[in-house]
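Worksheet: the structure to be examined is printed underneath.
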Amino acid sequence: MTTPLPDHPAHNAELLSGSAADARHGLVSRLSAEAFGSLFLVVAGLGVPLFTIPQSSPLPAALAAGLAVTAAMLAFGHVSGGHFNPAVTVGNAIAGRIGLGDAAAYVGAQLLGGLLGALALFGILRTLPSIQDSRTAFDTVTAGFGEHSVIQAPLAGVLLLEVLGAAVLVAVFLGSTARNNVNKAAAPVAVGLAFAVLLQLGQSVGNAPFNPARATASALFSSSWSLEQLWVFWVAPVVGAAIAGLVFRGFAETPGPVAVTEDFADGGADEESDDDDDTSVPAAGPDGSAAPTADLPADAPDADRKGGRNEAQDFFDGKRN
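For what it's worth, the numbering used here labels the leading residue of the sequence shown as 6, then goes sequentially.
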């Protein structure tokens, strides 16, 4: 005779999604996921236009890059949160979703992964007898302005496009992965489609990548002019990401108890609450101390009872209870 198991909703949720401990990944695992995802994005985003003619048919290159973002987020988002782009990481840091130390490490991992992807593509080009100069071939997919833009776009035009595109991309990422978004599972599709649409526009102006890691990876294997213009494709996306991050920080969600499965891939975190919101202040206990919220167990961490970081935020900052 079997003994029926007690019906415990919280425990059942952990069994379906993995325990809270299993959902937390160390910094090395997260950095590895970011590096591999960035490598995939560079291989797809640069490889397809390298071996096609993007000016005559730009859709395959933009679509391939967007699909690569979606696939990478689905595959590795549960480990690192699925940034794969320094601009996205900057936006998350300014929005308060990731610590500055981890953000810097993420950017380093993204650069490393992108460089490895570009190196692999460069090695493939060197094996093709029909291509005499591999660096000249890379010039066709490298971001540039002025005479190095497909339509001779000036610096101001490319600068504004990168700022706008990065702001839109980061806003889509932050909005689709927000903890109160009931359609969080569709975040990889939303971000991938947004990226594909933006690249369709960016390619026609100056191969604008809206991704500093990808811009750096292609510039290092192109002609010398690409390194001289690389600063634009760092400054502009960071400014756009900062704008989106500040906007989302201003519309920060009120923190509260939330199941581990509610945050996108356990990689998101609650935004900071408005200190002036009276509803977020817990009632005082009999001894004058703040009483635990009714929705949290009595042995919950102090930060959770006080409406501060939850497990997802601790995961991003690499903390352990």
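Note that CB positions come from ideal geometry on N, CA and C, so glycine has one too. Remember, it's a predicted structure, so these values are computed and weren't measured experimentally.
Annotation for D144: the continuous alpha helix (DSSP H) segment containing it runs 139 to 144. Taking A247 as the centre and dropping the five residues before and after it, the same chain places the C-beta of I99 closer than 6 Å to its C-beta, in chain order. With a 10 Å radius around the Cβ and a threshold of 16 neighbouring Cβ atoms, T75 comes out buried.
A67 is not a Cβ neighbour of Q157, given a cutoff of 7 Å. Annotation for R131: the continuous alpha helix (DSSP H) segment containing it runs 105 to 131. For W239, the enclosing alpha helix (DSSP H) has its first and last residue at 237 to 255. P159 counts as exposed, since fewer than 16 other beta carbons sit within 10 angstroms of its beta carbon. When DSSP states are grouped into helix, strand and coil, F56 belongs to the coil group.
The three-state reading of DSSP puts Q157 in coil, since its state is none of H, G, I, E or B. By the C-beta density criterion, Q115 is buried, having at least 16 other C-beta atoms within 10 angstroms. Judged by pairs of C-beta atoms under 8 Å, the segment 109 to 125 touches the segment 212 to 224, as three or more such pairs exist. Taking 7 Å as the cut-off, the beta carbon of A224 is found closer than this to the beta carbon of T147. About 13 Å separates the Cβ atoms of Q234 and G162, ruling out a contact at the 8 Å cut-off. Rounded to the nearest angstrom, the Cβ distance from A241 to L164 is 5 Å, consistent with a contact under 8 Å. Annotation for R35: V84, S85 place their beta carbon closer than 7 Å to its own, counting only its chain and skipping 5 residues before and after.
In the DSSP assignment, L225 falls outside any alpha helix (DSSP H) and carries neither an H nor an E. Looking at T94, A222, L179, G31, the one whose alpha-carbon comes closest to that of G255 is L179. A residue is called buried when at least 16 other Cβ atoms come within 10 angstroms of its Cβ; R131 does not meet this threshold and is exposed.
Here the C-alpha atom of H153 lies approximately 7 Å from the C-alpha atom of G211. Contact between P65 and V53 holds: their C-beta atoms lie close to 6 Å from each other, under 8 Å. In terms of Cα proximity to L32, the closest of G106, A49, G42 is G106. If you draw a straight line from the Cα of V237 to the Cα of G82, it is about 28 Å long.
The continuous alpha helix (DSSP H) containing A195 extends over residues 192 to 211.
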